[in-house]
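Structure, as structure tokens:
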Amino acid sequence: MDISYIINELGEERENYFNAIAPPIVQSSNFAFARVDEMRQAFADEYSTYLYSRGLNPTVDILRKKLAALDAAEDCLVFNSGAAAIFAAVLANVKAGDHIVSVRKP
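So that you can map any letter, position 46 of the sequence shown is 46 in my numbering, and since no number is skipped, the others follow by simple counting.
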């Protein structure tokens, strides 16, 4: 995939953003549903649709698609802080009963 395409267009469905050059930053924390059954389905699998921004967010999804494509990966994770990224990296490598030793340098 061409790097120019990845950076400038991948994941940016302009027709959904009123043909804006750059997609808007979606700051909504929760999203509406047309029918109650759609909402129930979303609550059953909160990562299947936009329900609450902590799980999925349109702006973050565009970033994930672009970063994964730049690295020729299937998908990627993005975090809202360095501490969250470190926590996820540690938890991915330990199992129940393991000990974690860290050093705090004041």
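Don't be surprised by glycine CBs; every beta carbon is placed ideally from N, CA and C.
Discussion item. Beta-carbon within less than 6 Å of N30's beta-carbon, same chain only, minus the 5 sequence neighbours each way: which residues are those?
Written reply: Counting only Cβ-Cβ distances below 6 Å, and skipping sequence neighbours, we find Y52.
Practice prompt. Report back the beta-carbon spacing between I112 and K66 to the nearest angstrom; my notes put them in contact at under 8 Å.
Written response: Absent from the model: residue 112. The displayed extent of the chain is 1 to 106, so no value can be given.
Worksheet item: Which residues mark the beginning and the end of the alpha helix (DSSP H) in which F43 is found?
Response: V36 to A44
Worksheet item: So which of G11, R54 and F18 has the shortest CA-CA distance to S81?
Response: R54
Fill in: Start-to-end residues for the alpha helix (DSSP H) that takes in A68
In the DSSP assignment, A68 falls within the unbroken alpha helix (DSSP H) covering P58 to L70.
Item to complete: Going by DSSP, name the residue or residues bridged to Y52.
Response: N30
Worksheet item: A89: buried (16+ other C-beta within 10 angstroms of its C-beta) or exposed?
Response: exposed
Practice prompt. In the DSSP assignment, find the unbroken alpha helix (DSSP H) run with L91 in it and report its ends.
Written response: G82 to L91
Worksheet item: Does the distance from the CB of T59 to the CB of I25 come in under 8 Å?
Response: For the pair T59 and I25, the CB atoms are nearer than the 8 Å cut-off.
Worksheet item: So, helix, strand or coil for N19, using DSSP?
Response: coil
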